[in-house]
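Engineer: Under numbering that gives the first Met the number 0, think of the first position of the sequence shown as 0, with each following residue one higher.
Yeah, the Cβ is synthetic: ideal placement off N, Cα and C, and Gly gets one too.
Since the model is a prediction, treat every value here as computed from it, not as a measurement.
Encoded as structure tokens, here's the structure I'll be asking about.
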Amino acid sequence: MSAEDLEKYETEMELSLYREYRDIVSQFSYVVETERRFYLANAVDVQVRDSGGEVYFEVRMSDAWVWDMYRPARFVKNVRVITFKDVNVEELDKPELRLPEDGPFGG
Numbered sequence: 000m001s002a003e004d005l006e007k008y009e010t011e012m013e014l015s016l017y018r019e020y021r022d023i024v025s026q027f028s029y030v031v032e033t034e035r036r037f038y039l040a041n042a043v044d045v046q047v048r049d050s051g052g053e054v055y056f057e058v059r060m061s062d063a064w065v066w067d068m069y070r071p072a073r074f075v076k077n078v079r080v081i082t083f084k085d086v087n088v089e090e091l092d093k094p095e096l097r098l099p100e101d102g103p104f105g106g
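Right, here's the structure in full:
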């Protein structure tokens with residue numbers, strides 16, 4: 000496989016992964032970003048740990064989706080991540096729960 004073919008393959012895989020993300024993101028409550036990966040999850044627990052003066056984070060997620068184009072099974076029941084870098088956890092907005100603005104309950 001040439002370098003050009005490999006680049007084209009990676010671009011196609013990234014696009015496919017993005018489409019999958021777009022289609023499933025509404026099924027999750029949280030976005031979690033670590034130094035190595037990006038996750039969608041419905042439950043997240045972040046614990047700050049100290050081991051002999053060295054601080055690290057233990058992140059436990061359940062009902063998760065892993066952003067990794069080289070991983071064939073991206074949906075996992077439980078995942079545990081240990082990282083010495085920052086962890087970003089954001090709660091996802093659930094737009095489908097909003098009332099229509101032009102309906103009887105809208106502004």
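(1) Whether or not the segment 22 to 32 and the segment 74 to 87 are in contact is what I'm after, with contact meaning three or more pairs of Cβ atoms, one per stretch, closer than 8 angstroms; do they touch?
(2) Since I23 contacts W64 with CB under 8 angstroms, what's their CB separation in whole angstroms?
(3) Quick check: T82 and Y55, are their CB atoms within less than 8 angstroms of each other?
(4) Are L16 and M68 touching if we call contact CB-CB under 8 angstroms?
(5) Which class does S50 belong to by DSSP, given the choice of helix, strand or coil?
(6) Use the C-beta contact count for V43: other C-beta atoms within 10 angstroms, 16 or more gives buried, fewer gives exposed.
(7) Alpha carbon to alpha carbon, what distance is there between N77 and L91?
(8) Within 10 angstroms of its Cβ, does A72 collect 16 or more other Cβ (buried), or is it exposed?
(9) When burial is assigned at 16 or more other CB atoms within 10 Å of the CB, is V47 buried or exposed?
Structural biologist: So, from the listed chains and residues:
(1) yes
(2) 6 angstroms
(3) At the C-beta level, T82 and Y55 come within 8 angstroms of one another.
(4) Closer than 8 angstroms, so yes.
(5) Reduced to three states, the DSSP call for S50 is strand.
(6) buried
(7) 19 angstroms
(8) exposed
(9) If you draw a 10 Å sphere on the C-beta of V47, you find fewer than 16 other C-beta atoms in it, and that means exposed.
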